[in-house]
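Protein chains: 2
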Amino acid sequence: MNEVIGLLKKHTSIRKFTEQPVSDEQLHAIVSSAQSASTSSNVQAYSIIRVTDQGMKQQLSVLSANYSYIVECPLFLVWCADMYRLREAYGKHEQDEPVYIGTTENLIVATVDASLAAQNAAVAAESMGLGIVYIGGIRNHIAEVSKLLKLPQYVYPVFGMCIGYPDQQSAPRPRLPIDAVLHENTYDPDRMMQPVEDYDRTMKEYMTLRTGGKRTSTWTEDMANKLKTPARLHMKSFLEKQGFGRD
Amino acid sequence: MNEVIGLLKKHTSIRKFTEQPVSDEQLHAIVSSAQSASTSSNVQAYSIIRVTDQGMKQQLSVLSANYSYIVECPLFLVWCADMYRLREAYGKHEQDEPVYIGTTENLIVATVDASLAAQNAAVAAESMGLGIVYIGGIRNHIAEVSKLLKLPQYVYPVFGMCIGYPDQQSAPRPRLPIDAVLHENTYDPDRMMQPVEDYDRTMKEYMTLRTGGKRTSTWTEDMANKLKTPARLHMKSFLEKQGFGRD
Numbered sequence: 001m002n003e004v005i006g007l008l009k010k011h012t013s014i015r016k017f018t019e020q021p022v023s024d025e026q027l028h029a030i031v032s033s034a035q036s037a038s039t040s041s042n043v044q045a046y047s048i049i050r051v052t053d054q055g056m057k058q059q060l061s062v063l064s065a066n067y068s069y070i071v072e073c074p075l076f077l078v079w080c081a082d083m084y085r086l087r088e089a090y091g092k093h094e095q096d097e098p099v100y101i102g103t104t105e106n107l108i109v110a111t112v113d114a115s116l117a118a119q120n121a122a123v124a125a126e127s128m129g130l131g132i133v134y135i136g137g138i139r140n141h142i143a144e145v146s147k148l149l150k151l152p153q154y155v156y157p158v159f160g161m162c163i164g165y166p167d168q169q170s171a172p173r174p175r176l177p178i179d180a181v182l183h184e185n186t187y188d189p190d191r192m193m194q195p196v197e198d199y200d201r202t203m204k205e206y207m208t209l210r211t212g213g214k215r216t217s218t219w220t221e222d223m224a225n226k227l228k229t230p231a232r233l234h235m236k237s238f239l240e241k242q243g244f245g246r247d
Numbered sequence: 001m002n003e004v005i006g007l008l009k010k011h012t013s014i015r016k017f018t019e020q021p022v023s024d025e026q027l028h029a030i031v032s033s034a035q036s037a038s039t040s041s042n043v044q045a046y047s048i049i050r051v052t053d054q055g056m057k058q059q060l061s062v063l064s065a066n067y068s069y070i071v072e073c074p075l076f077l078v079w080c081a082d083m084y085r086l087r088e089a090y091g092k093h094e095q096d097e098p099v100y101i102g103t104t105e106n107l108i109v110a111t112v113d114a115s116l117a118a119q120n121a122a123v124a125a126e127s128m129g130l131g132i133v134y135i136g137g138i139r140n141h142i143a144e145v146s147k148l149l150k151l152p153q154y155v156y157p158v159f160g161m162c163i164g165y166p167d168q169q170s171a172p173r174p175r176l177p178i179d180a181v182l183h184e185n186t187y188d189p190d191r192m193m194q195p196v197e198d199y200d201r202t203m204k205e206y207m208t209l210r211t212g213g214k215r216t217s218t219w220t221e222d223m224a225n226k227l228k229t230p231a232r233l234h235m236k237s238f239l240e241k242q243g244f245g246r247d
């Protein structure tokens, strides 16, 4: 195992940060690393909003789930899937409205582009001793968040990211056994479930230990609960309003 | 700039590979790195299909865009967004059909999870001297690809990835200037376009040089053409058939 793989494997989400700021040089290294990720046909269909205004961070925290770390982290980035820049590129050459924009394919491309870039940013940050946590919670009130950030048509916020020097330590959380996620040639649903049951035991022990017995649920119990609970059912209509999701 | 950031910044897509195989140990390091990426509430909503069957690689190549490197690369992975495993987890505890599965929010979560994992895999591979290229082309005939891989409901192939030892060298392609992708506090459409024009000049020079004058188009011209061209308009109906895309 080389050092890079060692770095990737020791990742844990950090939700408590020291007051030490992230320098402009570090920000540039992070964004530049993000930009080096693969992008579909060089479309680079994402934008990053760096939120420096403390009042805005406060509002984003309230709109997310009252995570204090959004306010406290020295660097908060919102990663947006962005087809608006392409719309503007089109407008430089054509007078009419583009026909093939906002397709479901566009939505996938822009979401993937934003995610690949963000993960490179996460790795770059961690390589400098910084810690990060992704904030899917910014989709809780995605319309209000988008209004606050003044996102135009064809742009949507995929997730936030808190970055800063860690003020906590934790060991990586166990993941599913490799045989539960890696298939050969075809998807094999039967072969997958035994490792999932092994993982249930691993996670039950891990959670019991970590929460001092307060949480003892297994992974499949947690996942079953997830599928019983309504979550962000506004996403489809919001994305349609932003111009995404046609054929 | 540290070594990790140096590695990220020198990324280029590799489409020509030597015959040297990727070892099982390397495969495990790649998948294990992928699994260490952040995942929304630990759902780990992705699966990886390693295609080892040469006949299947041939078929996937034909279905993608006849990329010979899908057949030639020593390791070909298909990254799938996967809510089926959660459906099975639910089935371990409940008799009925889950209510909140296949939502647009699920689609975003699973697409992001697959992408973050894949980008960690890409970084891990490159850290071992391997090269990679993402294959969005597997969405060209996504229904046929899904049938070939026997993907169940609630699973869709997001992209493929060729991995192997590089048999070509190329310099990283210039990306948009940082001011075209990074905004402060709010999305600023006006501030963005000057750097885009600078990039047009950069890319025109780069493409002219790289193709010996065969391609001299600017980035905005390429993007305008993209929005004039129908691309994978089957995605919406395909995803709906796979169970994705309700509210």
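Protein sequence lines correspond, in order, to chains A and B. The opening position of the first sequence corresponds to residue 1 in full-length UniProt numbering, with each subsequent residue numbered one higher. The opening position of the second sequence corresponds to residue 1 in full-length UniProt numbering, with each subsequent residue numbered one higher. The C-beta atom is built at its ideal place from N, Cα and C for all residues, glycine as well.
Item: Distance, Cα to Cα, Pro-177 (chain B) vs His-183 (chain B)?; Value: 12 Å
Item: Beta carbon of Val-158 (chain B), beta carbon of Val-112 (chain A): below 9 Å?; Value: yes
Item: Under 7 Å between beta-carbons, which chain D residues line up against Tyr-134 (chain A)? List them in chain order, please.; Value: Judged by its chain identifiers, the structure shown contains no chain D, and its protein chains are A and B.
Item: Return the first residue and the last residue of the beta strand (DSSP E) that Ile-135 (chain A) is part of.; Value: 131-135
Item: Quick one: is Phe-159 (chain A) near chain B, going by C-beta distance under 9 Å?; Value: yes
Item: Quick one: is Ser-61 (chain A) near chain B, going by C-beta distance under 9 Å?; Value: no
Item: With 9 Å set as the bound, which would you pick, yes or no: does the beta-carbon of Asn-66 (chain B) sit closer than that to a beta-carbon of chain A?; Value: no
Item: Rounded to the nearest angstrom, how far is the Cβ of His-93 (chain A) from that of Glu-197 (chain B), given a contact under 8 Å?; Value: Contact flag wrong, Cβ pair sits at about 13 Å.
Item: Is the Cβ-Cβ distance between Ala-81 (chain A) and Gly-137 (chain A) less than 9 Å?; Value: no
Item: Assuming Leu-239 (chain A) contacts Tyr-156 (chain A) under a Cβ cut-off of 8 Å, what Cβ separation, rounded to an integer in Å, is found between them?; Value: 6 Å
Item: Where are the alpha helix (DSSP H) runs, 4 residues long or more, that stay fully inside the UniProt domain "Nitroreductase" (9-165) of chain A, in chain order?; Value: 24-35, 54-64, 68-72, 84-91, 104-127, 142-148
Item: Cβ of Ala-171 (chain A) within 9 Å of Cβ of Ala-114 (chain A)?; Value: no
Item: Candidates B:Thr-218, B:Ala-117, B:Ile-49: which alpha carbon is nearest Arg-201 (chain B)'s?; Value: B:Thr-218
Item: Kindly say whether residue 250 (chain B), judged by its beta-carbon, lies nearer than 9 Å to any beta-carbon of chain A.; Value: Past the boundaries of the shown model lies residue 250 (chain B); chain B is included only from 1 to 247, so the question cannot be answered.
Item: Would Met-128 (chain A) and Ile-5 (chain B) qualify as a contact pair, given that the criterion is a beta-carbon distance under 9 Å?; Value: yes
Item: Give, in chain order, every unbroken run of the alpha helix (DSSP H) that is at least 4 residues long and sits entirely within the segment 202-245 of chain B.; Value: 219-226, 235-241
Item: Which residues in the same chain as residue 271 (chain B) place their Cβ atom closer than 8 Å to its Cβ, once the five residues preceding and following it in sequence are excluded?; Value: The displayed coordinates of chain B run from 1 to 247. Any statement about residue 271 (chain B) would go beyond what the structure contains.
Item: Taking the alpha carbon of Glu-126 (chain B) as the point to measure from, which residue in B:Arg-246, B:Thr-18, B:Gly-245, B:Leu-8 has its own alpha carbon closest?; Value: B:Leu-8
Item: Could you run through the segment 195-217 of chain A and flag, in chain order, every residue whose CB is less than 9 Å away from some CB of chain B?; Value: Val-196, Glu-197, Asp-200, Met-203
Item: Between Ile-14 (chain B) and the rest of its own chain, which residues show a CB-CB distance below 7 Å, the 5 nearest in sequence each way excluded?; Value: Gly-131, Ile-132, Val-133, Pro-166, Gln-168
Item: Please state whether DSSP places Leu-7 (chain B) in a helix, a strand or coil.; Value: helix
Item: Under 9 Å between C-beta atoms, does Ile-70 (chain B) make it to chain A?; Value: no
Item: List, in chain order, every chain B residue whose beta-carbon is nearer than 7 Å to that of Gln-95 (chain A).; Value: The contacting residues do not exist; Gln-95 (chain A) stays about 11 Å from chain B at best.
Item: Name, in chain order, the residues that DSSP records as bridge partners for Leu-176 (chain B).; Value: Leu-176 (chain B) pairs with nothing; no bridge assigned.
Item: Does the beta-carbon distance from residue 250 (chain A) to Leu-63 (chain A) come in below 9 Å?; Value: It is not possible to answer for residue 250 (chain A), since the shown part of chain A is limited to 1 through 247.
Item: Suppose contacts are defined by Cβ-Cβ distances below 9 Å. Is Gln-35 (chain B) in contact with Tyr-154 (chain B) by that definition?; Value: no
Item: Would you list the residues sitting across from Glu-184 (chain B) in a DSSP beta bridge?; Value: A:Arg-50
Item: Would you mind telling me which residues of chain A sit closer than 8 Å to Glu-144 (chain B), beta carbon to beta carbon, in chain order?; Value: What Glu-144 (chain B) touches in chain A: nothing, since even the nearest Cβ is about 14 Å away.
Item: Taking 9 Å as the CB-CB limit, is Phe-165 (chain B) close to chain A?; Value: The sequence as given places Tyr at residue 165 (chain B); Phe does not occur at that position. So no, Tyr-165 (chain B) is outside the interface.
Item: Skipping 5 residues on each side, what residues in its chain have a beta carbon closer than 6 Å to that of Gln-20 (chain B)?; Value: Tyr-165
Item: To the nearest angstrom, report how far apart Thr-216 (chain B) and Met-203 (chain B) are at their CA atoms.; Value: 8 Å
Item: Please report the straight-line C-alpha distance between Lys-226 (chain B) and Asp-188 (chain B), rounded to a whole angstrom.; Value: 23 Å
Item: Could you tell me whether the Cβ atoms of Asp-247 (chain B) and Lys-228 (chain A) are closer together than 9 Å?; Value: no
Item: Run through chain A and tell me which residues come within less than 8 Å of Pro-189 (chain B), C-beta to C-beta.; Value: Tyr-84, Glu-88, Pro-152
Item: Compute the beta-carbon to beta-carbon distance between Val-78 (chain A) and Ile-49 (chain A), rounded to the nearest angstrom, for a pair I have assumed lies under 8 Å.; Value: 4 Å
Item: Excluding sequence positions up to five away, which residues of its chain have a Cβ less than 6 Å from the Cβ of Ala-117 (chain B)?; Value: Ala-34, Ala-37, Tyr-46
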